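Undergrad:
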Amino acid sequence: MRNDLQGVLEKAKDRKELPAVMAYNRIDGPGSSLDLREFQQSLWRIPVIPEDPQADPTMEWTRDLPRTVGITIDTGTNIQAEPFKRGRIGVRSVEYGTEVTSAPGDVLPTKENWLLKIAELFGLSGVMFSLHNLHPGIQSSGLGGSATATTGLCILANELAGRPLSGVQLVSMASRVEQDFGVSITGTQEQSNVVYGGVTDYVWFPWGIPGNADSGFGTSIRRQLMDPAGYEELEQRMAIFHSGKTRASTDVNAVWMRALTSHEGYRQHQRKLDIAYRFREGLRLRQWDDVMESIDEYRQVRTAICPAYMDGAKEIQGFANAKDCVAFPLGAGGGGGILVFAREPASLQSLRREIGTVYREIPFKIKDRGHDLVNLPLEKEV
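Shown next, in the form of structure tokens:
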């Protein structure tokens, strides 16, 4: 039965209690392309899983598996459910100035309708989803913005529909809809970040965890690498600068995927597994030299496979090297946001003073969760 929300949302609007979700972005790093489906599937092997998979904090048994470490930050998207025409659904983007609407059941499977299709999939009507960035002017920043919006809308629609899907199912839905509708080439790291959040190590299981019948695409074994009390120590060593250039993420991802079909490309991609593990351990143990080395080595591997990855970041890399820092283009690179990491906070401060007028810095704080719900659960009509 279709769930028409016009009446209940009108009452919520009168109370100034419209339901919403704040969905947060992530900083990626070494391992950041290993979440793509092709990489998960081609580099994965059935592992020998210990009886208690997380008993050993090092999780050494996962060293040769695809993984990503996500660091949740307080940029992202606010998605609000507003009353709309009865029997209609819509999605509006404030930043992009777009709006698409339809009657449920009539949503065409096109790129422009990817978010609208999600509302239809959950059987909703009488609702307009309004999207607004939490920080202005950071589109195409390599922080996983489209996946954040997609997953956030999945979470909010799931809440309004009575939570029919689990977290893993939401990750799978958000990933598949975004890629299969041609929005971008994506994996599961950004989606998992919005569902789970924190400074989290994700070990990917593309077909589900062996022996666990309740898992499937989107499943990961997750471990928090850092308690919130340690976030400030990490924040002092990281900054994000925007190159002012547009990213070409789909093109870059396509080059990386084509490299899987050559012997040299496959060998280079295999190197990422160990580098990503060393990045994980560097964060967990606060061994900042290891974090820097893994970031630098991972960037070199990515650039060797696709030189366009560094487009828009070569100049800032020179500044970073001169200040004992490392630069890492976020997402697929090609422009947009660039992570700078320093073993010592003083090095990063020195870099800021030198390039502060050249690049725009995107301020952030690390979050211990991937999303926040507002005015939920929705008060139903009596």
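The sequence shown begins at 1 in my numbering and counts up by one. We put the beta carbon where it would ideally sit given N, CA and C, even for glycine. In this text the structure is predicted, and so the values were computed from the model without any measurement.
1) Between Ile366, Tyr309, Gly282 and Ile305, which has its C-alpha nearest Ser294's C-alpha?
2) Quick one: Cα of Ser93 to Cα of Asn25, how far?
3) Which partner residues does Leu43 have in the DSSP bridge list?
4) Please report how far the alpha carbon of Ser184 lies from the alpha carbon of Asn253, in whole angstroms.
5) Excluding five sequence neighbours on each side, which residues of the same chain lie with their C-beta closer than 8 Å to the C-beta of Phe279?
6) Buried or exposed: where does Leu108 fall if 16 or more other Cβ atoms within 10 Å of its Cβ makes it buried?
7) Would you grab the beta carbon distance between Thr77 and Ala23 for me? Rounded to a whole angstrom, and I think it's under 8 Å.
8) Going by DSSP in three states, Asn375 sits in which element: helix, strand or coil?
9) Which residue marks the beginning of the alpha helix (DSSP H) containing Glu99, and which one marks its end?
10) Considering only heavy atoms of the ligand PLP, does any lie closer than 8 Å to the CB of Gly145?
11) Counting only the same chain and skipping the five closest in sequence on each side, list residues whose C-beta sits under 7 Å from that of Val177.
12) Does the Cβ-Cβ distance between Thr101 and Phe122 come in under 9 Å?
13) Contact check, Asp4 vs Arg86 under 8 Å by CB: the rounded distance?
14) So within the segment 227 to 279, which uninterrupted beta strand (DSSP E) runs reach at least 3 residues, ignoring any that extend past its ends?
15) The beta strand (DSSP E) that contains Arg325, what's its start and end?
16) Tell me the residue span of the alpha helix (DSSP H) that contains Gly318.
17) Quick one, which of Trp288, Ile362 and Gly265 has its alpha-carbon nearest Arg302's?
18) Am I right that Leu134 and Gln80 are in contact with their C-beta atoms under 8 Å? What's the rounded C-beta distance?
19) Closer than 8 Å by C-beta to Glu361: which residues in its own chain qualify, once you throw out the five before and the five after it? Chain order, please.
20) Val168 and Gly216: beta carbons closer than 9 Å?
21) Please tell me whether Ile27 and Ile71 are closer than 9 Å, where the distance is taken between their beta carbons.
22) Based on Cα-Cα distance, which residue from Phe328, Leu170, Asn212 and Glu232 lies nearest to Val199?
23) How would you label Arg223, buried or exposed, when you count the other beta carbons within 10 angstroms and need 16 or more for buried?
24) Out of Ser125, Ala147 and Gly142, state which residue places its alpha-carbon closest to the alpha-carbon of Leu131.
25) Determine, using beta-carbon pairs with one atom in the segment 321 to 334 and one in the segment 342 to 356, whether at least three such pairs fall under 8 Å.
26) Counting along the chain, where does the beta strand (DSSP E) carrying Val199 start and finish?
27) In whole angstroms, what is the alpha-carbon distance linking Glu10 and Arg88?
28) Thinking C-alpha only, which one of Thr261, Leu225 and Glu51 is nearest Ile305?
TA: Walking through what the data contain:
1) Taking the sequence shown and counting its residues from 1, the one referred to as residue 294 is at position 294. Cα-wise, what sits closest to Ser294 is Gly282.
2) Taking the first residue of the sequence shown as position 1, residue 93 is located at position 93. Taking the first residue of the sequence shown as position 1, residue 25 is located at position 25. Going from the Cα of Ser93 to the Cα of Asn25 covers about 17 Å.
3) In the sequence shown, the residue the question calls residue 43 occupies position 43. Per DSSP, none; premise fails for Leu43.
4) Translated into positions along the sequence shown, residue 184 becomes position 184. Translated into positions along the sequence shown, residue 253 becomes position 253. Going from the Cα of Ser184 to the Cα of Asn253 covers about 9 Å.
5) For the purposes of this step, residue 279 is identified with residue 279 of the sequence shown, where counting begins at 1. Closer than 8 Å at the Cβ level, and outside the excluded window around Phe279, lie Gly29, Pro30, Gly31, Val69, Asp290, Val291, Ser294, Ile295 and Tyr298.
6) Here residue 108 corresponds to residue number 108 of the sequence shown, with the count starting at 1. That one is exposed.
7) Numbered from 1 along the sequence shown, position 77 holds the residue referred to as residue 77. Numbered from 1 along the sequence shown, position 23 holds the residue referred to as residue 23. With 8 Å as the limit, Thr77 and Ala23 qualify as a contact, their Cβ atoms being about 5 Å apart.
8) On the sequence shown, position 375 is the one that residue 375 refers to. Asn375: coil per DSSP, three-state reduction.
9) One-based indexing of the sequence shown puts residue 99 at position 99. Looking at the DSSP string, Glu99 is not in any alpha helix (DSSP H); the run it does join, the beta strand (DSSP E), is Thr98 to Ser102.
10) No copy of the ligand PLP occurs in the structure displayed, which carries no ligand at all.
11) Residue mapping note: residue 177 aligns to position 177 of the sequence shown, counting from 1. Taken in chain order, the residues that qualify are Trp114, Lys117, Ile118 and Thr150.
12) Locating residue 101 in the sequence shown gives position 101, where the first residue counts as 1. Locating residue 122 in the sequence shown gives position 122, where the first residue counts as 1. Cβ atoms of Thr101 and Phe122: not closer than 9 Å.
13) Here residue 4 corresponds to residue number 4 of the sequence shown, with the count starting at 1. Here residue 86 corresponds to residue number 86 of the sequence shown, with the count starting at 1. With 8 Å as the limit, Asp4 and Arg86 qualify as a contact, their Cβ atoms being about 6 Å apart.
14) 238 to 242
15) For the purposes of this step, residue 325 is taken as residue 325 along the sequence shown, with counting starting at 1. Arg is not the amino acid found at residue 325; the sequence shown has Cys there. It spans Cys325 to Pro329 - the beta strand (DSSP E) in which Cys325 sits, taken as one unbroken run.
16) The residue given as residue 318 occupies position 318 in the sequence shown. Taken as a continuous stretch (DSSP letters only), the alpha helix (DSSP H) holding Gly318 covers Lys314 to Ala322.
17) Residue 302 sits at position 302 when you count from the first residue of the sequence shown. Here the closest residue by C-alpha is Gly265.
18) The residue labelled residue 134 in the question sits at position 134 within the sequence shown. The residue labelled residue 80 in the question sits at position 80 within the sequence shown. Incorrect: roughly 12 Å between the Cβ atoms, too far for contact.
19) The residue labelled residue 361 in the question sits at position 361 within the sequence shown. Excluding positions up to five away in sequence, the list reads Ala239, Ile240, Phe241, His242 and Arg352.
20) In the sequence shown, counting from the first residue as 1, residue 168 sits at position 168. In the sequence shown, counting from the first residue as 1, residue 216 sits at position 216. A contact, by the Cβ cut-off of 9 Å.
21) Counted from its first residue, the sequence shown places residue 27 at position 27. Counted from its first residue, the sequence shown places residue 71 at position 71. Yes, they are a contact pair.
22) For this step, residue 199 is matched to residue 199 along the sequence shown. Answer by Cα proximity: Glu232.
23) Translated into positions along the sequence shown, residue 223 becomes position 223. The residue is buried, with at least 16 neighbouring Cβ atoms inside 10 Å.
24) Stepping through the sequence shown from its first residue, residue 131 is reached at position 131. Of the listed residues, the one whose Cα sits closest to Leu131 is Ala147.
25) yes
26) As a working note, residue 199 is residue 199 in the sequence shown. Note, Val199: beta strand (DSSP E), Val199 to Phe205.
27) Position 10 of the sequence shown holds residue 10. Position 88 of the sequence shown holds residue 88. Rounded to the nearest angstrom, the two C-alpha atoms are 14 Å apart.
28) As a position in the sequence shown, residue 305 is number 305, starting the count at 1. Closest option to Ile305, Cα to Cα, is Thr261.
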